[in-house]
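Those letters in the sequence shown? Residues 22 to 208, per this note's numbering, in order.
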Amino acid sequence: MAVGFLVGVAARVWMRLVSSDPEFSWAGTIGIVGLFTIAGLTQGLALGTRRRGWSRRAQTPVRVLAAIGGLLLGSSAGIVMLPALISGSLAIGRTDWSLRARSIADSVALLNAIGVGLMIRADLWRGRAGVGWLAMLVLYTAIIGGRSLNLRPLDDGWRVGRRAWVGLLVVAAGLGAFVLVGAMFGI
């Protein structure tokens, strides 16, 4: 929970850095930091159940809750980074996937990050946009790394079918393209 709070504060500072109109309300700040805190809490709960060796049946609802908590980070303006959050976390966490599948997921995250960088650059002068993009990469690398811990396969032999995972990745890529195009063209 504390990590979620700190990442939320860092995210709010980053938002101020990349905003062309950096005036924010307290309500917005509390909302953003609160969402990150909830996401951190749910991730921590899922990681705790995993490290304590709970059964799959006991872990699954907690892991689903953590997944939903992580999706909160893609609400509001964070929607533009949701494809990177999903695909990047899957690429790192799903160690049972083939190199090809993980590379595709990594590519989705990379293209999303580049697209967001271009959006940032459109509103700011180059130096500030560059610093903002690099700060975004550091911030989202930490978020993706944390989220990927709960996506690692459990050591009980059960696996979701490959088709289901590929389907999920295709949906995430489609969502990413839709969001990116919509954000770039104001749709």
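A virtual CB, placed ideally from N, CA and C, is assigned to each residue, including glycine.
With 16 other Cβ atoms within 10 Å as the buried cut-off, status of residue i
i       : result
Ile-89  : exposed
Ala-79  : exposed
Gly-25  : buried
Val-200 : buried
Gly-188 : exposed
Gly-29  : buried
Val-39  : buried
Arg-84  : buried
Span separating the alpha-carbon of residue i from that of residue j
i       : j       : result
Ile-100 : Leu-93  : 9 Å
Asp-117 : Pro-174 : 7 Å
Leu-56  : Ser-97  : 11 Å
Ala-130 : Ala-122 : 13 Å
Arg-184 : Ala-198 : 21 Å
Trp-35  : Asp-144 : 15 Å
Val-191 : Arg-73  : 33 Å
Phe-206 : Trp-179 : 43 Å
Leu-196 : Ala-163 : 22 Å
Arg-77  : Arg-37  : 41 Å
Arg-71  : Arg-33  : 30 Å
Trp-186 : Leu-158 : 25 Å
Trp-47  : Ser-41  : 18 Å
Trp-146 : Leu-170 : 36 Å
Distance CB(residue i)-CB(residue j) smaller than 8 Å
i       : j       : result
Leu-172 : Gly-114 : yes
Ala-194 : Ser-119 : no
Arg-248 : Gly-91  : Examination of residue 248 is not possible in this model, given that the chain is present from 22 through 208 alone.
Thr-63  : Leu-27  : no
Ser-124 : Ile-165 : no
Leu-81  : Met-22  : Per the sequence shown, the amino acid found at residue 81 is Thr instead of Leu. Going by C-beta atoms, Thr-81 is not nearer than 8 Å to Met-22.
Leu-160 : Ala-60  : no
Ala-150 : Asp-127 : no
Discussion item. With a threshold of 8 Å, are at least 3 pairs of Cβ atoms found where one atom belongs to the stretch 98-117 and the other to the stretch 127-142?
Written reply: Contact between the stretch 98-117 and the stretch 127-142 is present: three or more C-beta pairs spanning the two stretches fall below 8 Å.
Discussion item. Under 8 Å, with one C-beta from each stretch per pair, do the stretch 49-59 and the stretch 141-156 reach the 3-pair mark?
Written reply: Counting Cβ pairs under 8 Å, fewer than three are found: no touch.
Discussion item. As an exercise, report each continuous alpha helix (DSSP H) stretch of at least 4 residues that is fully enclosed by the stretch 161-207, in chain order.
Written reply: Within the stretch 161-207, the complete alpha helix (DSSP H) segments at least 4 residues long are 183-206, listed from N- to C-terminus.
Fill in: Entirely enclosed alpha helix (DSSP H) segments - the stretch 39-78, minimum 4 residues
Unbroken alpha helix (DSSP H) runs of no fewer than 4 residues, entirely contained in the stretch 39-78, are found at 47-72, following chain order.
Worksheet item: Which runs of the alpha helix (DSSP H) spanning at least 4 residues fall entirely within the stretch 92-125, listed in chain order?
Response: For the alpha helix (DSSP H) assignment, the uninterrupted runs of no fewer than 4 residues enclosed by the stretch 92-125 are, from N- to C-terminal side, 103-114.
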